[in-house]
Amino acid sequence: MQIYVKDRRYCNKIELKPFAFGSVEEINTFRTFLKKIEMQLPFPTSSNISDPYIASKIFYMSKGIPFYVMKLIEEAVLFALLYGSDCIDETYFEKAYNKISQAGRTFVINPFNELDFDLDRVINTERLIEDRYKVNLINKKRKRRRK
896 MQIYVKDRRY CNKIELKPFA FGSVEEINTF RTFLKKIEMQ LPFPTSSNIS
946 DPYIASKIFY MSKGIPFYVM KLIEEAVLFA LLYGSDCIDE TYFEKAYNKI
996 SQAGRTFVIN PFNELDFDLD RVINTERLIE DRYKVNLINK KRKRRRK
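If you read the sequence shown in the working numbering, its first letter stands for residue 896, the second for the next number, and so on.
Set out below in structure tokens:
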């Protein structure tokens, strides 16, 4: 993970690049990040958020952007504490996901609703739906111009 410091408006602004999730090394780096976060959680029982299956769902939801990872975990922690749980489970991630707005991703699904989640399949499906939507928009604009 690379950290860049920009000094325009605020001299100490830090930009965290999104995590990648392609190679084994990139996946392990992301999972290590999740393990470090989990060590700071206020629960007596491990939430196991660095589990490969859960990590892939968190990556899909966040696209590896640390802000969205942290937002999701913060909201999930609040739900788990509200319900008196000893850890975060997927139920709380599902609820947390619904509170986070991602305006730039119209066709994203809640991965915590998926029982048989496959990261590659879900990313490809989202991309296909988005491409079809764009093609439909272009076709509509062309039809309007012809009139």
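All C-beta atoms, glycine included, are put in the ideal place defined by N, C-alpha and C. It should be emphasised that the depicted structure is a prediction, and the values quoted were computed from it without experimental measurement.
Cβ shell of residue i (< 7 Å), same chain only, five flanking positions each side left out
i	result
Ile949	Asn943
Lys930	Ser945
Spatial neighbours of residue i in its chain, beta-carbon cut-off 6 Å, leaving aside the 5 residues before and after
i	result
Phe988	Ala971, Phe1007
Phe914	Phe925, Gly959
Whole-number beta carbon distance between residue j and residue i, since they are thought to touch under 8 Å
i	j	result
Tyr955	Leu1014	6 Å
Phe1012	Ser951	7 Å
Ile1004	Val1017	7 Å
Ile922	Phe916	6 Å
Contact set for residue i: own chain, Cβ-Cβ below 8 Å, skip 5 residues either direction
i	result
Leu967	Ile953, Met956, Ser957, Phe988, Ala991, Tyr992, Ile995
Ile932	Ile944, Val964, Met965, Ile968
Range of the contiguous alpha helix (DSSP H) that encloses residue i
i	result
Tyr1028	1014-1041
Asn993	985-994
Glu920	919-933
Leu967	961-977
Ala915	Segment: none, Ala915 is in no alpha helix (DSSP H) and carries neither H nor E.
**Prompt:** Per the contact definition of three or more C-beta pairs closer than 8 Å, is the segment 978-995 in contact with the segment 923-943?
**Reply:** yes
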